[in-house]
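Colleague: Taking the UniProt record's numbering, the leading residue of the sequence shown gets 1, the next gets one more, and so forth. The C-beta atom is built at its ideal place from N, Cα and C for all residues, glycine as well. Remember, predicted model here, so these are calculated numbers, not experimental data. Following this message is one structure expressed as structure tokens.
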Amino acid sequence: MSIENEQRAESSETIASIPTLSPSEIPHRNMAISYYCDTDDEMSNVPNPSGSIEGDPSELDEFRCIVCRTLPYTTLYQCQYEHIICAGCYQMRVLDKMLGAQLGTCPQCNVRIYRHEAERNLHGERRLAEVLVACEACGFSLQRAFLRMHCQTDCPLRLVACKYRRIGCKWKGVLGAAAAEHEQECEYRSKRGVQLLEELQQLQAERDSKQCLLGKIMKLLQLPHITVRLLQLLPHTEGFPRNAFKICSFFAAFSQRWSIQLKWQTPDGVEEPADQQSCTCSLLFQLRLESPSTCRGALGLTYTLVSGTYSEVRFQPNLCEKCEFTRDNVCGPLTLIYKSSWPNCAKLLNERGFYARLLMARI
Ligand SMILES: [Zn+2]
Ligand SMILES: [Zn+2]
Ligand SMILES: [Zn+2]
Ligand SMILES: [Zn+2]
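Spelled out as structure tokens, the structure:
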């Protein structure tokens, strides 16, 4: 059975099973979409913590990447005039250009950068790794290179999941008294075997659906007319809008112009929640055809958006199995790529940004 036939048979079912979106929010025709939401993974899939830098933070400004303006956690590259570029921006702005047979140049001064002679700024890398920072949760002071590990495994005020999560409990909270109290009264402690069986079957069904989705993504990778675009979301220091589309990137593919639009979706469209830590938000993307007037007939695409090499978070596996773009149908389906608490989404979109790869194939 071809991919197209399979997906025709499944399309009505997959559209009906998309959570959080009402049918009115999915107005597009000729599309099938599926994704899997892995809640187990949510706790560690977060952007790098910033910590509070001890001393004068502006002393480190000379090590900010000239493109994304972040203080990198990665290798630092530089041009001959010491303009610093983080590894992610170096891949996007210098290496990717070279692959397209263009010259690699410094994004700031345009001086040529040669692939095999890329200079690193070792002094900056060491400075950023060794500077002392205080954990924002517990105030513990440590070297910046160890901050992420501290926040995930050592911090006495880190977020933890219930120890019964493997059998279905979704509780999350701060380690310590609250966690101990929850575990004492967790309903999963006293569930009977037959009740647990239902929960485990549900978890198994979720895993099976992920496996099935990954299989379909593998099929996409084997299609003959596949193309890849590297995309970047720069940090929105002025504040990424909530519950509205924002264009993240323009690019050309299959003789057309396209854009990727992102949406930070909050529960019930709330603008600023009272309890930010327990407010789980979604990040969705949509592929948009920007040159409909030059699109003759229908352009059928299948595509997936995956996180780039230097992204600090991993995207949920996602796949648009088929979308027919025409003059009248310029938007692909809204697809979930990331789910986390309000502060993590804010940090990702406003402070860190991300890199992504869009894999598209004509069908
Ligand atoms: Zn950068
Ligand atoms: Zn330069
Ligand atoms: Zn801490
Ligand atoms: Zn529990």
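Report, in whole angstroms, the separation of the C-beta atoms of cysteine 155 and cysteine 169, which I expect to be a contact under 8 Å.
Modeller: 22 Å between Cβ atoms; not a contact.
Colleague: Under 8 Å, with one C-beta from each stretch per pair, do the segment 232–239 and the segment 208–218 reach the 3-pair mark?
Modeller: The segment 232–239 is not in contact with the segment 208–218.
Colleague: Rounded to a whole number of angstroms, what is the C-alpha to C-alpha distance between alanine 87 and leucine 230?
Modeller: 14 Å
Colleague: In angstroms, rounded to a whole number, what distance separates the CA positions of leucine 283 and leucine 319?
Modeller: 15 Å
Colleague: By alpha-carbon positions, which one of Cys89, Leu200 and Tyr81 ends up nearest to arginine 69?
Modeller: For the options Cys89, Leu200 and Tyr81, the alpha carbon positioned closest to that of arginine 69 is the one of Cys89.
Colleague: Given the structure, does valine 111 come close to ligand 2, in the sense that its CB is under 8 Å from one of the ligand's heavy atoms?
Modeller: yes
Colleague: Rounded to a whole number of angstroms, what is the C-alpha to C-alpha distance between leucine 200 and tyrosine 188?
Modeller: 12 Å
Colleague: I'd like to know whether the C-beta atoms of arginine 288 and glycine 353 end up nearer to each other than 9 Å.
Modeller: No, the pair does not count as a contact, with Cβ atoms beyond the cut-off.
Colleague: If you drop the 5 nearest sequence neighbours on each side, which residues of the same chain put their C-beta closer than 6 Å to that of glutamine 232?
Modeller: Met92 and Tyr355
Colleague: To which residues of the same chain is serine 44 closer than 8 Å at the C-beta, ignoring the five residues directly before and after it?
Modeller: Gln152
Colleague: Using the beta-carbon count (16 or more within 10 Å), is serine 291 buried or exposed?
Modeller: exposed
Colleague: Rounding to the nearest angstrom, what Cα-Cα distance links glycine 269 and leucine 348 in this structure?
Modeller: 19 Å
Colleague: For a test of the three-state rule: what should DSSP assign to asparagine 30, helix, strand or coil?
Modeller: Low confidence applies to asparagine 30: its pLDDT is 39, below 50, so where it sits in the model is not reliable, and the reading given next is rough at best. In this structure, asparagine 30 counts as coil in the three-state DSSP scheme.
Colleague: Please return the same chain residues whose Cβ sits closer than 8 Å to the Cβ of alanine 118, not counting the five positions on each side in sequence.
Modeller: Tyr77, Tyr90 and Val94
Colleague: For ligand 1, which residues have a Cβ under 5 Å from at least one heavy atom, in chain order?
Modeller: With the cut-off at 5 Å, the residues found are Cys65, Val67, Cys68, Cys86 and Cys89.
Colleague: Taking 8 Å as the limit between beta carbons, can you name the residues of its chain near phenylalanine 63, skipping five residues before and five after?
Modeller: Leu71, Pro72, Leu76, Ile84, Asn121, Gly124, Arg127 and Leu128
Colleague: Compute the minimum distance between the beta carbon of proline 156 and the heavy atoms of ligand 6, and state whether it is under 8 Å.
Modeller: Ligands displayed in this structure: ligand 1, ligand 2, ligand 3 and ligand 4; ligand 6 is not among them.
Colleague: What does DSSP give as the partner residue(s) for serine 259 in the beta ladder?
Modeller: The partner list for serine 259 (beta bridge, DSSP) reads Phe250 and Arg288.
Colleague: Return the residue from the list Ile260, His150 and Leu301 that minimises the CA-CA distance to lysine 322.
Modeller: Leu301
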